[in-house]
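For the record, the sequence lines run as chains A and B. Everything in the first sequence is counted per this note's numbering, starting at 1 for the first residue and increasing by one. Everything in the second sequence is counted per this note's numbering, starting at 1001 for the first residue and increasing by one.
Number of protein chains: 2
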Amino acid sequence: MKRIIYTTYIIIISTITLVAQRPPAISSPDVHSDHSITFRYFSRNAKSVTLSGEFLSAPVALTKDTSGIWSVTVPPVKPDIYPYSFWVDSVQIADPNNAYIFANERFKRSIVDVPGDQPLIHSLQNVPHGKVSYRYYKSATLGTTRPLLIYTPPGFNANGKTKYPVLYLIHGGSDTEETWTKVGRANLIVDNLIAQGKAKPMIIVMPYGNVRPSPMPDFTKDVINDIIPFVEANYPVHKDSKHRAVAGFSVGGGQTLNIGLTNTDKFAYVCSYAPFTATDEFRQNFTNWTPNAKAMNKQLKLFTISVGTDDFLYESVQQNIAMFQEKKIKLKPLIVSGGHTWMNCKLFLANSLQQLFK
Amino acid sequence: MKRIIYTTYIIIISTITLVAQRPPAISSPDVHSDHSITFRYFSRNAKSVTLSGEFLSAPVALTKDTSGIWSVTVPPVKPDIYPYSFWVDSVQIADPNNAYIFANERFKRSIVDVPGDQPLIHSLQNVPHGKVSYRYYKSATLGTTRPLLIYTPPGFNANGKTKYPVLYLIHGGSDTEETWTKVGRANLIVDNLIAQGKAKPMIIVMPYGNVRPSPMPDFTKDVINDIIPFVEANYPVHKDSKHRAVAGFSVGGGQTLNIGLTNTDKFAYVCSYAPFTATDEFRQNFTNWTPNAKAMNKQLKLFTISVGTDDFLYESVQQNIAMFQEKKIKLKPLIVSGGHTWMNCKLFLANSLQQLFK
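Structure representation (structure tokens):
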């Protein structure tokens, strides 16, 4: 009986398909239990379809069957969440059959989640879950209403007596306020670490960090003058530097250094991931910089810079680490393998979360 | 000085672009003050690029300049939010430079927001804003943890004495739990209507309505046995039928009829938008249906079916309206112009919201 109903359902869906003139429903990606993955794409007219993915060292070709469905199965990959895209002739596209999109303003890629044999730190596990709230705040600095995402931990009570520490977590350039949850799974990582007793319950604020056409220093002002006051007016949070952290990736990693190190009275935790620092703001802040290292090291409970050895910014990040060390600023580098990727972002975040507010 | 910094910023971004081997940053879409829109796409190799959009009666061609940027400006369109896509040779794609994606499992289209000269009902206005929370619940019916979105109105206090009515709002087939907010702007519509005193403050629950590979009747069970109990355990809500509504579009409009009309003890408000009803569940429920119309009409405070005259389901919806009327079920049809679109969804929702819980 179930089978009959299901067959009927398929016929119905096919009917919708015909009416709306959509391509046939195909399943892509299909992640197999051995961690191999099958990707599929429908096109009768394409001359070639290839797959690019951050789990591949080079693109691989899909082959077409007689019904116009192109497919390829890639050998087992290391469990993780990976961005990928198809190249259809000369056109790079997201996988039309995959709802999971890399949140970004400049490209459209899909993401594939390859689960581990044991749950990974970013997996949806059977633990209490926090909430991610989509909100708006008014930025007097930028003269507009802007979006931000706010994670509150399991058991959070907006009107309770418990006060929380806050992590301000910034995406990469051309990413959006959603990238840290949609691609980085920040909410699930912290859910899992809290459940394991490895992270303190905290609020995580994920703002939209791109400021256009204004220059980037405006974002530092926006965080200090608009976002933090909004959070503190609307959430039960501690307001001292020891309960406030800033972290970010790539352009957001550079913003993190600018925001955090010029405001050590406000942030005792500064976690910069693969920072992009070839910016006017960074030069203004850190060229001929003469910090009072002793005072700063007292204020900073954790200052970490993380990067992968294959990151295209690796050399630049190493130079910055050397610069800060030369100025006697206490710094915990985290150097891992891998490139300028969100696979590494998740790892960096999971590492930082276990050191915050302790 | 500002100019110099901005120029520097552009150079930096160009540097990132080169390093990451991305196409040049271009702005698309650009909505002009007269409601005309310029669309742009970069490709040196494409032979043709056309634009399809729900504001167009037929696709229009883009033309290429010497730098490989294709563009077209379409004449002023009626202010609204429209899905669109590019066809690059034979490949349909979302606009790579537009972060606003139509949340869907089967296609990737972008959306363009053409503001009105006066704010539209779905515009981000200077009014108090509710929150949209991304959450997980355990579905015993479906044996898995599933996502849902929950809108709470401005001033909501999870631990306060105020109890709220709840609208369960279901997306169309192949849409996702995000489509009602990302494309339908349900949160902004209700923010605006609450601010104008035209809608009651309410909670809106937006579940993920697709059930695969199981048949659709499972979703009715999931709503009744899993989602409603989750909401009632976690939010201060009224638990009687007069404070509970169900609404949905397309496949979700069919689900709405199945869920609502077989549970009038639980839902006094049933709002079905362009329902797709060629389903086994609908046939089982409503073929040879012999309702006690008098009792049902007493239970239902509002039963509405909405559809556009150009909707591909128009005839089918009219037949269903006739069927319900023949059974003497009191029904408020809302027949408007337009097709099976999210432009109409916003209109239908705005209409219903002003009639709920009054």
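All residues carry an ideal CB built from backbone N, CA and C; glycine is no exception.
Against chain A, the CB of V1183 (chain B) has no partner CB under 7 Å away; the residue lies outside that interface. Taking K200 (chain A) as the centre and dropping the five residues before and after it, the same chain places the C-beta of F357 closer than 6 Å to its C-beta, in chain order.
Proximity of L124 (chain A) to chain B, defined by a Cβ-Cβ separation below 7 Å, is satisfied. Residues of the stretch 1068-1095 of chain B with a Cβ closer than 7 Å to any Cβ of chain A, in chain order: V1088, D1089, S1090, V1091, I1093, A1094.
One finds nothing in chain A with a Cβ atom closer than 9 Å to the Cβ of V1317 (chain B); even the nearest lies about 13 Å away.
Relative to the Cα of K1330 (chain B), the nearest Cα in the group B:A1293, B:S1352, B:A1350, B:Y1136 belongs to B:A1293. For secondary structure counted as the beta strand (DSSP E) over 3 or more consecutive residues, the stretch 142-177 of chain A holds these complete runs in sequence order: 144-152, 166-170. The beta carbons of V60 (chain A) and V72 (chain A) sit closer together than 7 Å. Of all residues in the stretch 1032-1053 of chain B, only S1043, N1045, A1046 place a beta-carbon less than 7 Å from a beta-carbon of chain A. With at least 16 other beta carbons inside 10 angstroms of its own, Q92 (chain A) counts as buried. In the DSSP assignment, Y1314 (chain B) falls outside any beta strand (DSSP E) and lies within the alpha helix (DSSP H) extending over 1314-1326.
At a C-beta separation below 8 Å, N97 (chain A) has these neighbours in chain B: E1105, R1106.
Taking a beta-carbon distance threshold of 7 Å, V132 (chain A) counts as an interface residue toward chain B. Burial state of H1032 (chain B) is exposed, judged by a 10 Å Cβ sphere holding fewer than 16 other Cβ atoms.
The shortest CA-to-CA distance from L1257 (chain B) to any of B:S1123, B:T1038, B:Y1168 is the one to B:Y1168.
Here DSSP, grouped into helix, strand and coil, assigns S1033 (chain B) to coil. By the C-beta density criterion, D1065 (chain B) is exposed, having fewer than 16 other C-beta atoms within 10 angstroms. The contact set of N1285 (chain B) on chain A, defined by CB atoms closer than 7 Å, is empty, because the minimum CB distance reaches about 13 Å.
Minimum Cα-Cα distance from A245 (chain A) among the listed residues A:N225, A:G254, A:K301 corresponds to A:K301.
Straight through space, the alpha carbons of Y1084 (chain B) and S1057 (chain B) are spaced by roughly 12 Å. Taking CB atoms only, R135 (chain A) has a neighbour in chain B less than 7 Å away. Rounded to whole angstroms, M202 (chain A) and S1352 (chain B) show a C-alpha spacing of 38 Å. Beta-bridge pairing by DSSP links P83 (chain A) to A:I111. Here R1135 (chain B) carries a strand assignment [DSSP, helix/strand/coil].
Think of a sphere of 9 Å around the beta carbon of I101 (chain A): the chain B residues whose beta carbon falls inside it are A1094, I1101, A1103, K1108, in chain order. Not flagged as an interface residue toward chain B: T341 (chain A), since no C-beta distance is shorter than 7 Å.
K78 (chain A) is classed as exposed because its beta carbon has fewer than 16 other beta carbons within 10 Å across all chains shown. Here V336 (chain A) is bridged, per DSSP, to A:G308. It is roughly 13 Å from the alpha-carbon of Y1208 (chain B) to the alpha-carbon of K1221 (chain B). At the C-beta level, V132 (chain A) and Y1134 (chain B) come within 7 Å of one another. The C-alpha of Y1314 (chain B) is placed about 37 Å away from the C-alpha of T1063 (chain B). According to DSSP, residue pairing for A1061 (chain B) in a beta bridge involves B:T1050. Scanning chain B for C-beta atoms nearer than 8 Å to the C-beta of A158 (chain A) yields N1157, A1158, N1159, reported in chain order.
DSSP places M296 (chain A) within a helical segment (H, G or I) once states are collapsed to three. DSSP, reduced to helix, strand and coil, places G1116 (chain B) outside both helices and strands of the structure shown, so it counts as coil.
Taken through DSSP and simplified to helix, strand or coil, G1260 (chain B) comes out as helix.
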